[in-house]
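Below is one structure; the comments refer to it alone.
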Amino acid sequence: MKNRFITSPTVTSCFAVIAFVISALLSGLLTSCSGGNADVSELLNTVPADATAVVAVNVKNLVEKSGSKIDGSKIVPGSDIKQLLATNELTSEDKRILRNILDGESGIDPTVAVIFLEGTELYFTGFLADPNKFKEFMAKEYEGAFSESNGISILSNVALKGNQFWLNNSKTRNDIDPEQITRFLALDNKLSFLSNPYSGKLSDFSNDIEGWGNLSSLYNASDMSFQEKAMAGLALAGLFSDAQDISFHANFEKGKLTTALNVLNSKGQPAKFNFPTDRIDVGMVKDLSESGDVIVAMAISPKLVEQLQKDFGDKNIPGLGLLMPALSALDGTCVVEGGENGFKGAFSTKGDATAALSDLISQLSKAAVTKDGKFLRFQQGDVKGKILNADVADRFKGAMIAAVVSDKMNSREELKGIPLQDVFMALIPSDGSMQLEVTVNSTNAKENFLLSFIKAK
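Residue numbering for the sequence shown follows the numbering used here, starting at 1 and increasing by one per position.
Structure, rendered in structure tokens:
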């Protein structure tokens, strides 16, 4: 019964009307919406301090962005959601579930929502306006009855105590342990997530979705092999000083979804990035004067090359002996764009001693390389795509590494059906650290991205 209710694609779409969260950077759904900071703190006080990851969802914003409104414990669907209910895109059963939730028949209180991962156990928790209605609603959907265990009401993977509920949506089990719920409820401020400095950020609701995760625990909970976990840990340790946690947020706006991720140190502050940074020359992106389906640019300064040579020059790494002399010629921005039938690029150099770099580009790209002043240019085939350089170049401003990918090149399952225009990713130097920003743009600039997402599902 669990999978029918929680993970059915169409029911998930319905739940997105009143509660929505994407993980990993954000997936999974929940039912609730934003109240005040005290409400969020109440939920965070039932989350263990050693949780692997915690996400707070400002569902009030999400409900309103879907074009719907909140009336007490009910959600008044907007015209687009009403139209969805009137179409054949949903089965009669899914429409019934959605109507019951919107009408407040589920008993769910539209206040706040928290998702947390403890080890491999994924929990959703929120408040109830009417626990009895919630029990009746769940009993119908699960075709079963709640039982009592140590004061906790249990039905399959659902637990209820007072006006708070939990759903366990873990891959490894189809039930929920009442002893775990008892343990969560007994936590005090020192043993709960409220002891984490980042809990305040999760409570202030300045973003639609706000999350935090411990890097070491996330590695352990992932499906990566031991070698992959070790490599990922070493890579982050090399790039950042004292890398301990990550923080992330997401916002649904008209025509786009914006997300950002930061690496945090043991003090909860952005971790220091260990290499010299520079910023992309936007003019070079424009100067390619072509269109493509992928455009990638990176700023490489002589200081960065010097640091790489210092850190890795004496290491016995295969191929490094050929790479370092080539990199030493770089000074500025490197940009490459590609289409279905070809690619082209330009690398900014110091202007001399470019032979090694030219040979390396030629070997890797199988393209002829020409010297144009301090630039090395190369092209193979006919570069044509959906993205015009002049239209997107300004997005690269302020970034050290950035890329834009058209919908033609995107294969993400969760984005299928959305009127996608492109996806933009950038690593941006900030206060000695580095922030990853990802923006998903739709072709409908007038419609909130959340509504486009719901319609697509």
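Even for Gly, the Cβ is constructed at its ideal location relative to N, Cα and C.
Going by C-alpha to C-alpha distance, which of the options sits closest to residue i?
i, options, result
"residue 374", "257, 348 and 358", "348"
"residue 245", "448, 446, 453 and 54", "54"
"residue 222", "122, 42 and 329", "122"
"residue 284", "383, 336, 270 and 329", "336"
"residue 525", "325, 338 and 288", "The structure shown does not extend to residue 525, since the chain spans only 1 to 457, so no value can be given for it."
"residue 209", "346, 385, 58 and 389", "58"
"residue 205", "388, 40, 445 and 426", "40"
"residue 365", "352, 351, 381 and 350", "381"
"residue 140", "126, 434 and 155", "155"
"residue 454", "68, 47 and 52", "68"
"residue 359", "390, 322, 388 and 452", "322"
"residue 220", "408, 77 and 52", "52"
"residue 153", "171, 258 and 178", "178"
When we look at the beta-carbon of residue i and count the other beta-carbons within 10 Å, is it buried (16 or more) or exposed?
i, result
"residue 311", "exposed"
"residue 173", "exposed"
"residue 395", "buried"
"residue 401", "buried"
"residue 143", "exposed"
"residue 83", "exposed"
"residue 146", "buried"
"residue 228", "exposed"
"residue 379", "buried"
"residue 340", "exposed"
"residue 124", "buried"
"residue 452", "buried"
Can you grab the Cα-Cα spacing for the pair residue i / residue j, in whole Å?
i, j, result
"residue 166", "residue 218", "22 Å"
"residue 264", "residue 272", "9 Å"
"residue 120", "residue 176", "13 Å"
"residue 342", "residue 450", "35 Å"
"residue 136", "residue 422", "44 Å"
"residue 56", "residue 131", "22 Å"
"residue 115", "residue 404", "31 Å"
"residue 106", "residue 86", "21 Å"
"residue 437", "residue 180", "36 Å"
"residue 372", "residue 216", "47 Å"
"residue 157", "residue 439", "35 Å"
"residue 330", "residue 184", "55 Å"
"residue 133", "residue 61", "25 Å"
"residue 118", "residue 262", "21 Å"
"residue 277", "residue 301", "7 Å"
"residue 445", "residue 363", "42 Å"
"residue 182", "residue 190", "17 Å"
"residue 350", "residue 392", "27 Å"
"residue 361", "residue 297", "15 Å"
"residue 236", "residue 243", "7 Å"
"residue 344", "residue 397", "21 Å"
"residue 26", "residue 211", "Note that residue 26 scores a pLDDT of 30, beneath 50, so its modelled location is shaky and nothing firm can be said."
When DSSP labels each residue in this structure, what does residue i get in the three-state scheme?
i, result
"residue 32", "Summary for residue 32: the model assigns pLDDT 36, below 50, so the residue's position carries little reliability; its value from the coordinates is reported in the next sentence. Residue 32: coil per DSSP, three-state reduction."
"residue 224", "coil"
"residue 285", "helix"
"residue 429", "strand"
"residue 153", "strand"
"residue 371", "strand"
"residue 437", "strand"
"residue 266", "coil"
"residue 181", "helix"
"residue 136", "helix"
"residue 198", "coil"
"residue 234", "helix"
"residue 325", "helix"
"residue 340", "coil"
"residue 273", "strand"
"residue 21", "Model confidence at residue 21 stands at a pLDDT of 39, short of 50, so the residue's coordinates are unreliable and nothing is read from them."
"residue 379", "strand"
"residue 447", "coil"
"residue 86", "helix"
"residue 361", "helix"
Tell me whether the beta-carbon of residue i lies closer than 8 Å to the beta-carbon of residue j.
i, j, result
"residue 260", "residue 252", "no"
"residue 442", "residue 256", "yes"
"residue 163", "residue 128", "yes"
"residue 384", "residue 406", "no"
"residue 49", "residue 266", "no"
"residue 45", "residue 187", "yes"
"residue 112", "residue 43", "yes"
"residue 280", "residue 333", "yes"
"residue 254", "residue 64", "no"
"residue 239", "residue 274", "yes"
"residue 389", "residue 291", "yes"
"residue 356", "residue 377", "no"
"residue 418", "residue 456", "yes"
"residue 197", "residue 433", "no"
Let me check you understand the geometry: is the CB of residue i closer than 7 Å to at least one non-hydrogen atom of the ligand COA?
i, result
"residue 107", "Inclusion of the ligand COA in the displayed structure is not the case, the ligand content being empty and no account of it being possible."
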